[in-house]
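Notes to accompany the following structure.
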Amino acid sequence: MKHGYDNGRLNLPFVGICTFGKYPYVEDWDTIDADVAVMGAPFDGGTQWRTGARMGPRAIREASTLFSFGHAGAYDHEDDITYLEPHRVSIVDIGDADIVHTDTAQSHRNIEYGVRKMLAAGALPVVIGGDHSVNIPCINAFDGEEPFHLVQIDAHLDFVDERHGVRNGHGNAMRRAAEKPWVSGLTQIGIRNVSSTVKDGYDAARGMGSDIISVRQARKMGGEALVARIPEGERYYLSIDIDAFDPSIAPGTGTPSHGGFLYYEVLELIDALSQRGEIVGLDLVEVSPDHDPAGVTSILAAQLLMNVLGRVLHHRDG
């Protein structure tokens, strides 16, 4: 088998420009031609407490270079599958949406514009936040697309309607999504402990068709039963807040909550989901590098994204 090494360049992880996974950079959004397009959304103006998630896309991109030396794809001996083979899949990094400091509305419009460009090109949009408010423009961009079921993996419900006049912060994202006619339903997984949402929020979420599952409930029912709770054969949009993971492995986030998931619990859930229906978009949010000793949270985010993309593309082609 030919490897990238054969062109005379090793292109090791610590060399070169830090695009996501060291995949090609596409500056002109009218020329996107790939199976997957990755865009950063370095906005954290929707944060209620610790800021810093605006630096998440840079940190995740840098961490992702650790996994960029698999020039012939990534062989998983447990699955006996080689994922992300260059001759079978194409991934590009289109850079960041243009963020305007202190201007939530314009920043969100710019994020929405980028997602619309990825959709128009037929690429799977992957957005790296930023705080969870960036999910709002991501969902807005699907206006006119076929309906989908939203799967949120998160410690917090994010279902606040309005607080102090704020309707588009990181605690409002799932409420704004539930209001959209093209969002057919929500499954909210990992929700736990002291949360940013009072009981009224849970009542509203369930009243609007949401299925809410905690980490303890998910573990008690097991992986197969958990996935069976999600409607089968649907189009899925996946929103991953890094605080869904336990802060023992993901401390670098603005609102850490103990009692969270471990890596394989989430990867196996998404792997099963990608076989149950079609994943049509995803975002990963709330990585805050300033609170990330040794960069372990950024590495977790990058590793998860690379493995998720491998599985989504493999099952789609299969």
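For the sequence shown, counting from 1, position 165 maps to 663 in the working numbering; every step adds exactly one. Backbone N, C-alpha and C define an ideal beta-carbon position, used for all residues, glycine too.
Short check: CB of residue i to CB of residue j, under 7 Å?
i: Gly451; j: Thr545; result: Missing from the structure shown is residue 451; the chain here goes from 499 to 816 and no further.
i: Gly779; j: Pro623; result: yes
i: Gly683; j: Gly707; result: yes
i: Ile558; j: Ile515; result: no
i: Leu798; j: Ala723; result: no
i: Ala770; j: Ser562; result: no
i: Glu766; j: Gly721; result: yes
i: Asp709; j: Arg727; result: yes
i: Ser755; j: Ala653; result: yes
i: Ala595; j: His630; result: no
i: Ile768; j: Val725; result: no
i: Ala703; j: Phe657; result: yes
Taking the alpha carbon of residue i as the point to measure from, which residue in the options has its own alpha carbon closest?
i: Arg614; options: Asp641, His630, Asp591, Tyr761; result: Asp641
i: Ser712; options: Ala595, Gly550, Pro745, Gly758; result: Gly758
i: Gly554; options: Ser755, His789, Gly683, Glu722; result: His789
i: Gln773; options: Leu510, Asp741, Gly808; result: Gly808
i: Leu510; options: Thr695, Leu771, Arg548, His569; result: His569
i: Ala532; options: Ala619, Gly688, Glu732; result: Ala619
i: Asp701; options: Asp659, Ala671, Arg714; result: Asp659
i: Leu582; options: Glu722, Ala653, Ser746, Val534; result: Val534
i: Ile687; options: Gln650, Ser746, Leu617, Ala572; result: Gln650
i: Thr602; options: Gly543, Pro584, Ala621; result: Gly543
i: Arg733; options: Gly538, Asp578, Glu644; result: Glu644
i: Leu617; options: Trp527, Val513, Arg661; result: Trp527
i: Gly731; options: Arg814, Asp744, Asp698, Val764; result: Arg814
i: Arg819; options: Thr695, Gly628, Leu782, Gly793; result: Outside the shown range of the chain, which is 499 to 816, sits residue 819, and nothing can be said about it.
i: Thr795; options: Leu811, Ala742, Val810, Glu763; result: Ala742
i: Ala792; options: Pro679, Ser746, His575; result: Ser746
i: Gly705; options: Arg586, Met719, Thr685, Ala572; result: Thr685
i: Phe565; options: Gly663, Val764, Val513, Gly538; result: Val513
i: Thr549; options: Asp574, Thr600, Glu560, Gly612; result: Thr600
i: Phe646; options: Gly628, Asn666, Arg665, Pro679; result: Pro679
Quick one: what does DSSP say residue i is sitting in, helix, strand or coil?
i: Ala792; result: helix
i: Asp769; result: helix
i: Ile797; result: helix
i: Pro511; result: coil
i: Tyr761; result: helix
i: Gln715; result: helix
i: Glu610; result: helix
i: Asp531; result: coil
i: Phe640; result: coil
i: Gly538; result: strand
i: Ala671; result: helix
i: Phe481; result: Because the chain spans 499 through 816 in this model, residue 481 falls outside it and cannot be assessed.
i: Pro645; result: coil
i: Gln546; result: coil
i: Glu525; result: coil
i: Val624; result: strand
i: Ser562; result: helix
i: Gly554; result: helix
i: Leu724; result: helix
i: Ser755; result: coil
i: Ser708; result: strand
i: Arg690; result: coil
i: Gly683; result: strand
If I'm right that residue i touches residue j with Cβ under 8 Å, what's the distance once you round it to whole angstroms?
i: Glu784; j: Ala551; result: 5 Å
i: Val681; j: Leu648; result: 5 Å
i: Val536; j: Ile530; result: Actually they are not in contact, since the Cβ atoms of Val536 and Ile530 sit about 11 Å apart, beyond 8 Å.
i: Leu782; j: Leu803; result: 6 Å
Can we count residue i as close to the ligand COA, meaning its CB is less than 6 Å from some heavy atom?
i: His756; result: As far as ligands go, the structure on display features none, and thus does not contain the ligand COA.
Taking 8 Å as the threshold, find out whether the region 665 to 682 comes into contact with the region 627 to 641 through three or more Cβ pairs. The way I'd put it, the region 665 to 682 does touch the region 627 to 641; three or more beta-carbon pairs between them come closer than 8 Å.
For the region 731 to 746 against the region 593 to 613, are there 3 or more C-beta pairs whose distance is under 8 Å? No, they do not touch.
Given 8 Å as the limit, is there contact between the region 519 to 536 and the region 576 to 591, that is, 3 or more CB pairs closer than that? Touching, per the Cβ criterion.
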